[in-house]
Every structure is written in structure tokens, then in C-alpha cells.
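Written below as C-alpha cells is the structure these notes are about.
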Amino acid sequence: MESTTQTENSKIVNYYRCLLRAAKGLISKDDQKQIRIAFKLVVDLNSGVRRESGQLNIFHLVNVARICVEEMGLGKTSIVSALLHETIKRNQLTIDEIEKQFGSKIARIIDGLTKISEIDPKNPKLQAENFRELLLTISQDPRVILIKIAERLETMRSLNIMPNNVQLKNSLITFYLYSPLAHRLGLYRIKSEMEDLAMKYTNSEDYEAINKKLKNTNVKRNKYIKEFITPIQDELKSKGFDFDIKGRTKSVYSIWKKMQKQGVDFEEVYDLFAIRIILNSPPEKEKSDCWQVYSIITDKYTPNPERLRDWISAPKNNGYESLHTTVVGPEGRFVEVQIRTNRMDLIAEDGLAAHWKYKGIKQEQNVEEWLTKVREIIDTSNSSPEDFVDHLKANLYTKEIFIFTPNGDLRKLPVGATVLDFAFEIHSNVGCQCVGAKVNNKNATIRQILSNGDIVEIITSKNQKPKTDWLNVVITSKAKGKIKQSLREEKNKEILLGKEILYRRFKNWKITDNEEAIQAIQKHLKIKSQPDLFSLIANEKVDLTEMKSIVLQTDKKITTPADEKVYDSNKPDDSRKLHASDDFLVIDEKLVNIDYKLARCCNPILGDNIFGFVTISEGIKIHRTNCPNAPQLNARWGYRIVKAKWRESKMVGSFQTTIKINGFDELGIVNKISEVISNDLKVNMRSIAINSSKGLFEGRIQVFVSDIKNLETLLYKLNNIKGVQKAVRLK
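Per the numbering used here, the sequence shown starts with residue -17, numbered consecutively.
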């Protein structure tokens, strides 16, 4: 064990003094005595003990304690627990010794911290069990996870001197578990810092690029913020409000996520910062004051009503309360404004820790409800460890929106839920018969994604039935389960109907051996199972008139020319299905003249880099190598991947693709777009949908092109239209 230097000893004393200064006002003299005892004990126990980085271990312990105090507002119990949290793991003390000297509460917290062994994302069973143990300790005393998050933050802050493999491992664990936990507990500042630090080591190139651009635009951004808030400040002062107003630049990671989600560059992210107005209002006037300030802001700047978020009337599950709106500021830029009181801000910044930090805050009910759910899941879960951890991870990441029925009933759904999700939330029959809705009194399709506060009236039809592609429309497990159940029931009805139709025909044809006749049809059409045949018959995909001669000649050898196809069970309504005669592809470098389908998820076109995927019931599907589903297909079913390439042929085909286009909503812009597509390039257009709002438009255009060069020419022409900002192919 190495000894410490004189400089390090001086630094240890300085660290201790900084800890006490940070805790001033949170601890009593008696508390200070117990902290001193704990500090002296860990200094002795860790004399010369160093971490992997070479730093003295005592610095790490004190830093964790300081985070608990300075950034979470925790008191004596958490400080002592943070200082002692490694003593059992390092075999320096026992639980009994800790309990005897510091009491049962601190002993219980340290025991909980010790039980949370290292999370390993590469070992699903181990990570699941550790995750279960972690949640058990949270449910007993939430300070356990607060101290654990403080330790994780301190670890992330000191990663710069660690090897790359250690940086990567810790960053992945942070993304996997600690960041969503911090978010769920309302520790937004800590969550943002951990995400930024984790991104720094997992995606350093993008991190450095965004960070550099933020620094380069800092002066310009601050100037704009000052220009924006000045008229608001003047008006609030004239109305007698006691307030604080400031601009807050968003984190690197959150900006990167917006860029990925919206498919835009840094310069196109409109909400790089938010304006926060914090009011010093008494409890009885909090809501009215916030709404009054909202009125003042929207008198100065035009609001976007679709971006209003009222978390004052309906706080988030972690207790977050605030009023958010987006307005059009100077230079036509969108600006997010957050309005809240001091009490709300304390909760927003410190989350669950506000329970200890600030007396009189009694809104932790939502967090307590979540912790209660955690206990129930742990107590009742009989699932495998992997299923258990997936369920809890989903619960941690879930964000809610609140949707109203026309009668004012409130329903809670996850962010990203659609009209169809809401219909199934009301009742399974309503969901199965849903054809659309009125959202805020405007017509909407079943696919429309709902926003917080929407008023939704579901429109139904008795003729409507669930369809397979509905599974891609909904995101809630309830809706998915009901759709799958209904599809199974419908499939069974379909099979019975097809069987009845066929047997009736057999009776008319005076067929005596039904089974032999069915086998003859199956052999001729190359259908493996009777249920599949009956289903095709029910859907009128088999011409029974043609089958009559086949059935009546069952005693003869049935042959069909290789190039004849009696039916196509996957016959599409466009040119997605390419037959062997089209001769476009070579599959697996040696297989030619076989049937395949172009995958709908990525719509490959001639010239794209592609691969084949052998499906269970639909033959080979061709995907682009950059298809969104490619990583999952390769990871889970790599053995079903086959090579595919376009044949060197001058044959002309027709391939469907979708173009995303946006720009300024100028007079005649749609006509210009249509003229370039149809007249200039003679490209067939299947559909065009353009939406405009506040002088801007965005649309989707489905076209048929001959190959990748044809598409690139089209995109070049569209991007050169005056008023068009960007036209790109959707992935």
C-alpha cells in the first residue's frame, strides 16, 4: 500500500472543509460530529488506497458526499453513508460494526449500496438480477439510489484519465441504467450531465462537433436571448411580479437527439435554448400567476398552440410542474419558454431529493406511487430475468401524455401514442372498429400521433376490421395484444369460410374424396397447409373455376408449366412484387430466376446496396443495406441473410420510393413541385401530401423511379426549386 504525500494530505483536509461548508445550513452541530467521526474513520481505512486512475480513494468518497450535498441537498445521513459506502465492499467494516457506531438507518443504506453489484450490459441474466436488487433497495429507501447516482456522476466526471475500454463500459452503463433513473427521479441537471459525459466517450466525434458549434455561437445566442427577454422583463416589472428570468442552452446530447429524430443539421435545430421564468409566488397564487405570465408572453410573441404543455394542472409522474410554450421570437425564430414558481423549480431541479432538501414540499406522491409499483412488480413477477429487466427499463423510459375524451375524461398514454392507441385504451371494440377521429375538432387518421392535452373523439364503423399493418401504427402493449387477438379470430373465421366455399363446390362437382381433391389443389398451387388454402379461397385469391379440371383429373399426373402462375398470394397494388422473369436480381451469387419481394420498410430501388432476407412465409425479401431494420435482422437472424445484387441489365423497371420535402409555403409551390416531377422528368407520381403551417410546408411524395440515378436527378431538381429548403429520400 502506497503512502500519501504531504500535498495529498493537505488536499484531504481541504476536501473535508469544502464538504462541511457545502453542508452548512443542512446539518446541526451533532450531525457535524458524526460526519467528522465517519471522515476520520474512512481516512484511516483508506490510507494509501488508490483507485485504478491512481487517485487516492478518499477523494472519490468525499466527492460523492459533496455531490449528495451540493447537487442533491441531502443531509447528514446521506453524507455519512456516502463516505462509508465502500467499506463493506473492501472488507474494511461489517454491517454490524457500522450499525453499532452509526445506527441502523445508515447501516441499512450502506447494505443496500453494497448489494448493487456492477451492472454488465453484456450479461443479460446478471444485469437483470442486479437490476432487480437495485430496485428492491430503492423501494426500501430512495436515498440508496440517490447516493448511487451521485457515485455514478463522480465516476463519469473522472473518466478522462481512464483507458478507452473503461470509458466505454462506464458510459454504456450510464446510458443503460443511471440516466433513465435520474430522469425518472426528476434529477434533470444530473441526468443531462451524465448523458453529455457518456456521449463524449461513445460518440466523441459528434459530441465535439456540437460542443464546438455551441461555443462558436455563444455570443450571438446570448445577444438574441437578451433581445428576446427585455420586453418581457419590462412588462413583468410593470405588473409587480417578483421573478427571475434566464436563458438556458440545452445539453449536447439533447441537441444531438433532436438532430437524429428530425433528420436535420445543427443549424436547423430551432430550440437550442429555452427561456425560463421563475416566479416568487405564494402557494395559493401559483397557478394564476403562471397563467398570467403566459398571457403576457403571448401578447408580446405569437404562440404555437400545438406546443403548449400544461404540467401545472397535470404534473408528471416524478412531480415535475411547469408551463411550457413555444413562441415566434425576433427574426421569426421559435423560442421555448418555461414558466414556473420557485417551489416548482426546486422540484424540477432536484426531483425526489427535494423531499429532503426543502421542507414543506409535499408533492412526491407521484414518485411514491411509482416506487409502490416497483415493489408490486418485484413481488409478483414470475417472468424470466430478461423479461423482467425489459419491463422495468420500459417503465423507466416511459413518458406520459394526457388525452381527454369529449366528455372530459382523462386518459394517460405514453409519448408517441396514436389515435388507434387511444381507441383501444377506451375499449377493445372501439379500437377494432376505429376508422379515424376528430382531434381538437379536426379530422385525423388512425395513424396521427397525439399530443398532450388533445381532445379526441373516436369515429367508428361496423364494417371496420383490424388489419395486420395496425401493429405498426400502435405502440401500447394493450392495443398490440387486442389487435393480435382480433387478427387470430378473423383468420379462423376466414379459414372456416374458405373451407365451406370449397366443400360446397366439391358437392356441386360431385367430388367424393374431398381430402384427395384438396391435396391435388395444394400440390398444384404449391401450398403447404390446408388453412392457408382455405384462407386464400376466402379472399378470392384462388380461381376455383380453373381448379375444377385439376380436381376432376386427380388420377392423372398434374403438371404446370414453370412460367405459369395461377395466383399470387402476395399480389400487391403496385410494382413491389418482381417475378423471376423480370431478371433484376442475382440472389446469393448463384440463385437466379426465383421470386422475391422488395421490402416495404426501406423500398430498395435499382442501384441501391441490398441484401436478401429469407422470411418464414413470404419468401425472400430484399432490403437496403442501410434499412432501419437491417441491424436487428442481422443481429437476431443473421443465418437467414443472403447476398443479393442487381443484375447488369438495361431492362427498365419501376420502383416506388418516398421523398420528404419541406420549405416556405409560397404561392404555387405545389404546382412547381408537381411540374418538375411529372413534366420535366416524366416521373410517375403515386401520391403527394403537403401540410403547411405558419408560412412553412412539409410533405411526403411517393413516386416511381427507374433507378438510383433517376432518383438523384429528381432530388437535385426538387432542391433547386425556389422555396424548397430540402428534399431527401426517406430511409
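Glycine is no exception: its CB is placed at the ideal position from the N, C-alpha and C atoms.
**Asked** Apart from the five residues on each side of it in sequence, which residues of its chain come closer than 7 Å, Cβ to Cβ, to ASN425?
**Response** Here the question's residue 425 lines up with position 443 in the sequence shown. Spatial neighbours of ASN425 in its own chain (CB-CB distance under 7 Å, excluding positions within 5 residues in sequence) are listed in chain order as GLY418.
**Asked** Thinking C-alpha only, which one of GLU482, PRO213, TYR302, ASP403 is nearest ASN521?
**Response** Along the sequence shown, read from residue 1 onward, the residue named residue 521 stands at position 539. Ranking GLU482, PRO213, TYR302, ASP403 by CA distance to the CA of ASN521 puts GLU482 first.
**Simplified DSSP state of LYS197, which is helix, strand or coil** = To locate residue 197, count along the sequence shown from 1; it is residue 215. Three-state result, LYS197: helix.
**Asked** Straight-line CA distance for PHE386 to VAL438?
**Response** Taking the sequence shown and counting its residues from 1, the one referred to as residue 386 is at position 404. Taking the sequence shown and counting its residues from 1, the one referred to as residue 438 is at position 456. Approximately 6 Å, taken between the alpha carbons.
**Request:** Please check the pair ILE457 and GLY398, which I expect to be a contact at CB under 8 Å, by giving their CB distance rounded to whole angstroms.
**Result:** Residue numbering aside, residue 457 sits at position 475 when the sequence shown is read from its first letter. Residue numbering aside, residue 398 sits at position 416 when the sequence shown is read from its first letter. Yes, ILE457 and GLY398 are in contact; Cβ-Cβ is about 5 Å, under 8 Å.
**Prompt:** From what residue to what residue does the alpha helix (DSSP H) around CYS414 run?
**Reply:** Against the sequence shown, residue 414 aligns to sequence position 432. Per DSSP, the unbroken alpha helix (DSSP H) holding CYS414 starts and ends at 410 to 414.
**Asked** From what residue to what residue does the beta strand (DSSP E) around ASP226 run?
**Response** For this step, residue 226 is matched to residue 244 along the sequence shown. Where ASP226 is concerned, the enclosing beta strand (DSSP E) starts and stops at 225 to 231.
**Asked** Rounded to whole angstroms, how far is the Cβ of ILE477 from the Cβ of VAL455, which I believe are closer than 8 Å?
**Response** Against the sequence shown, residue 477 aligns to sequence position 495. Against the sequence shown, residue 455 aligns to sequence position 473. At roughly 25 Å, the Cβ-Cβ gap does not stay under 8 Å, so ILE477 and VAL455 are not in contact.
**Asked** Taking only runs of the alpha helix (DSSP H) that begin and end inside the segment 468 to 537, which ones reach a length of at least 4 residues, in chain order?
**Response** The segment 468 to 537 is shown to contain whole alpha helix (DSSP H) runs of 4 or more residues at 496 to 507, 512 to 520, 526 to 534, in chain order.
**Message:** Give me the residue from THR597, ARG618, LYS627 with the minimum Cα distance to THR607.
**Reply:** Counting from one through the sequence shown, the residue named residue 607 turns up at place 625. Distance from the Cα of THR607 is smallest, within the candidate group THR597, ARG618, LYS627, for LYS627.
**Request:** Go ahead and pull the three-state DSSP assignment for THR76.
**Result:** Walking along the sequence shown from the start, residue 76 turns up at place 94. THR76: coil per DSSP, three-state reduction.
**Request:** State yes or no: is the beta carbon of THR639 nearer than 8 Å to at least one beta carbon in chain B?
**Result:** The structure shown contains no chain B, having only a single protein chain.
**Request:** Note down the Cα distance separating SER35 from ASN146, rounded to an integer number of angstroms.
**Result:** By one-based count along the sequence shown, residue 35 stands at place 53. By one-based count along the sequence shown, residue 146 stands at place 164. When only Cα atoms are considered, SER35 and ASN146 end up about 12 Å apart.
**Message:** Can you find the residues in the same chain that come closer than 7 Å, C-beta to C-beta, to TYR621, ignoring five residues on each side of it along the sequence?
**Reply:** Along the sequence shown, one-based indexing puts residue 621 at 639. Cβ within range, chain order: n/a, list empty.
**Request:** Answer yes or no: do PRO448 and ILE465 have a C-beta to C-beta separation smaller than 8 Å?
**Result:** On the sequence shown, position 466 is the one that residue 448 refers to. On the sequence shown, position 483 is the one that residue 465 refers to. When the beta-carbon positions are compared, PRO448 and ILE465 come within less than 8 Å of each other.
**Message:** According to DSSP, is THR69 part of a helix, a strand, or is it coil?
**Reply:** If you number the sequence shown from 1, residue 69 lands on position 87. Of the three classes helix, strand and coil, the one that applies to THR69 here is coil, per DSSP.
**Message:** So, at 7 Å on beta carbons, what are the nonlocal neighbours of VAL687 in its own chain, with the 5 sequence-adjacent residues on each side left out?
**Reply:** Here residue 687 refers to the residue found at position 705 of the sequence shown. Cβ within range, chain order: ILE587, PHE637, THR639, VAL665, LEU693, LEU696.
**Asked** Span of the alpha helix (DSSP H) holding GLY94?
**Response** For the purposes of this step, residue 94 is taken as residue 112 along the sequence shown, with counting starting at 1. Going by DSSP, GLY94 is part of the alpha helix (DSSP H) stretching over 86 to 97.
**Message:** For the pair the segment 56 to 64 and the segment 0 to 13, tell me if three or more CB-CB distances fall below 8 Å.
**Reply:** Segments in contact, yes.
**Contact set for GLN737: own chain, Cβ-Cβ below 6 Å, skip 5 residues either direction** = Given that the chain is displayed from residue -17 to residue 713, the structure contains no residue 737 and the question cannot be resolved.
**Message:** MET241 and VAL251 - do their beta-carbons sit closer together than 8 Å?
**Reply:** Working through the sequence shown from its first residue, we reach residue 251 at position 269. Working through the sequence shown from its first residue, we reach residue 241 at position 259. Cβ atoms of VAL251 and MET241: closer than 8 Å.
**Message:** Let me check one thing: in DSSP terms, what residues is GLY418 bridge-paired to?
**Reply:** Residue 418 sits at position 436 when you count from the first residue of the sequence shown. Looking at the DSSP output, GLY418 sits in a beta bridge with ILE441.
**Request:** Let me know if TRP619 comes out buried or exposed under the rule of 16 or more other beta-carbons within 10 Å of its beta-carbon.
**Result:** To locate residue 619, count along the sequence shown from 1; it is residue 637. It is exposed - the Cβ of TRP619 has fewer than 16 other Cβ atoms within 10 Å.
**Request:** Under 6 Å Cβ to Cβ from VAL(-5), same chain only, skipping five residues before and after it: list those, please.
**Result:** Residue mapping note: residue -5 aligns to position 13 of the sequence shown, counting from 1. Cβ neighbours of VAL(-5) beyond the five flanking positions: none.
**Prompt:** For PHE686, which beta-bridge partners are listed by DSSP?
**Reply:** Walking along the sequence shown from the start, residue 686 turns up at place 704. DSSP lists GLN638, ASN666 as partners of PHE686.
**Asked** Can the beta-carbon of LEU218 be found closer than 8 Å to that of VAL309?
**Response** Within the sequence shown, numbered from 1, the residue matching residue 218 stands at position 236. Within the sequence shown, numbered from 1, the residue matching residue 309 stands at position 327. Going by C-beta atoms, LEU218 is not nearer than 8 Å to VAL309.
**Item:** Beta-carbon proximity list for LYS420, same chain, < 8 Å, skipping 5 on both sides
**Value:** Against the sequence shown, residue 420 aligns to sequence position 438. ALA426, VAL438, GLU439, ILE441, listed in sequence order.
**Prompt:** So the alpha helix (DSSP H) LEU615 belongs to, where does it begin and stop?
**Reply:** Translated into the one-based positions of the sequence shown, residue 615 becomes position 633. Unbroken alpha helix (DSSP H) run through LEU615: 612 to 619.
**Asked** Can you give the beta carbon distance from ILE659 to VAL685, rounded, assuming they're within the 8 Å contact cut?
**Response** As a first step, residue 659 is located in the sequence shown; it is residue number 677 there, counting from the start. As a first step, residue 685 is located in the sequence shown; it is residue number 703 there, counting from the start. Their Cβ separation, rounded to whole angstroms, is 6 Å, which keeps ILE659 and VAL685 in contact under 8 Å.
**Message:** Just to confirm my understanding: we take ILE683, look at its own chain, exclude 5 residues before and 5 after, and list those with CB closer than 6 Å. What are they?
**Reply:** Here residue 683 is taken as the residue at index 701 of the sequence shown, counted from 1. Same-chain partners within the cutoff: ILE641, ILE670.
**Prompt:** Going by Cα to Cα distance, which pick from ASN198, ILE129, VAL533 is closest to ILE172?
**Reply:** On the sequence shown, residue 172 is found 190 positions in, with the first residue counted as 1. Closest by alpha carbon: ILE129.
**Message:** Please report the straight-line C-alpha distance between LEU150 and VAL126, rounded to a whole angstrom.
**Reply:** Numbered from 1 along the sequence shown, position 168 holds the residue referred to as residue 150. Numbered from 1 along the sequence shown, position 144 holds the residue referred to as residue 126. LEU150 and VAL126: Cα-Cα distance of roughly 25 Å.
**Item:** ALA296 (DSSP reduced to helix, strand or coil)
**Value:** Here residue 296 corresponds to residue number 314 of the sequence shown, with the count starting at 1. In this structure, ALA296 counts as coil in the three-state DSSP scheme.
**Request:** Would you tell me roughly how many angstroms separate the C-alpha atoms of ILE80 and VAL25, rounded to the nearest one?
**Result:** Taking the first residue of the sequence shown as 1, we reach residue 80 at position 98. Taking the first residue of the sequence shown as 1, we reach residue 25 at position 43. In this structure, the straight-line span from the alpha carbon of ILE80 to that of VAL25 is close to 15 Å.
**Request:** Could you please give the first and the last residue of the uninterrupted beta strand (DSSP E) stretch that includes ILE321?
**Result:** Translated into positions along the sequence shown, residue 321 becomes position 339. Unbroken beta strand (DSSP E) run through ILE321: 316 to 323.
**Asked** Where does LYS243 fall in DSSP's three states?
**Response** Indexing the sequence shown from 1 puts residue 243 at position 261. Here LYS243 sits in helix by DSSP.
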